[in-house]
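Take any residue in the sequence shown, count from 1 to its spot, add 79: that is its number in our numbering.
Idealized CB from N, CA, C, for every residue including glycine.
In what follows, a single structure is set out as structure tokens and then discussed.
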Amino acid sequence: MAGGETRSPGTVLVVEDEESIADVLAIALRYHRFEVMVAGSVREALALTDRTRPDAALLDVMLPDGDGRALGRELRERRPDLALVFLTARDSPAEIVGALGFGDDYITKPFNIDEVVARITA
Numbered sequence: 080m081a082g083g084e085t086r087s088p089g090t091v092l093v094v095e096d097e098e099s100i101a102d103v104l105a106i107a108l109r110y111h112r113f114e115v116m117v118a119g120s121v122r123e124a125l126a127l128t129d130r131t132r133p134d135a136a137l138l139d140v141m142l143p144d145g146d147g148r149a150l151g152r153e154l155r156e157r158r159p160d161l162a163l164v165f166l167t168a169r170d171s172p173a174e175i176v177g178a179l180g181f182g183d184d185y186i187t188k189p190f191n192i193d194e195v196v197a198r199i200t201a
């Protein structure tokens, strides 16, 4: 690329209703040159996904207007190529196995931001 420019590794949709967590994720991902969109609800996430083409989605499981797993299933149907990573405080084996049935990865809170970035870039 001309002038030493580097290309973005992709666009990530962060779906998280806790603003402080969404901000930390967005800042870290932007630092690693990702383009980031943030949604605080299922409805907002679906609208953003319809208007744009994110490469990956980080989904909180508990959202104010619905279940992040149901959102993940809907996104998988609409965009089979979209990488889905669940980010939640729920850490039971049943929760993890259930989400991995249609998602690509599962990270529990509290999380290490370097791990989140590594899993998105993998």
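query = Any Cβ of chain D within less than 8 Å of the Cβ of A107?
reply = Judged by its chain identifiers, the structure shown contains no chain D, having just a single protein chain.
message = Which residue wins for smallest C-alpha separation from F116, given the options V176, K188, G89, A197?
response = First, the residue type needs correcting, since residue 116 is Met and not Phe in the sequence shown. Among V176, K188, G89, A197, the Cα nearest to that of M116 is on G89.
query = Could you give the distance in angstroms between the alpha-carbon of M80 and the alpha-carbon of E114?
reply = Note that M80 scores a pLDDT of 43, beneath 50, so its modelled location is shaky and nothing firm can be said.
ask   = Could you give the uninterrupted runs of the beta strand (DSSP E) lying entirely in the segment 100-129, keeping only those of 3 residues or more?
value = 114-118
task = Can you have a look at E95 and say buried or exposed, based on whether 16 or more other CB atoms are within 10 angstroms of its CB?
result = buried
request  = Mind checking who A168 pairs with in its DSSP beta bridge?
outcome  = Its beta-bridge partners do not exist; DSSP assigns none.
inquiry  = Which of the three DSSP states is assigned to G145 in this structure?
reply    = strand
message = Can you check which of these residues, I192, I199, T200, is closest to I106 by C-alpha distance?
response = I192
key: I186, DSSP secondary structure in three states   = strand
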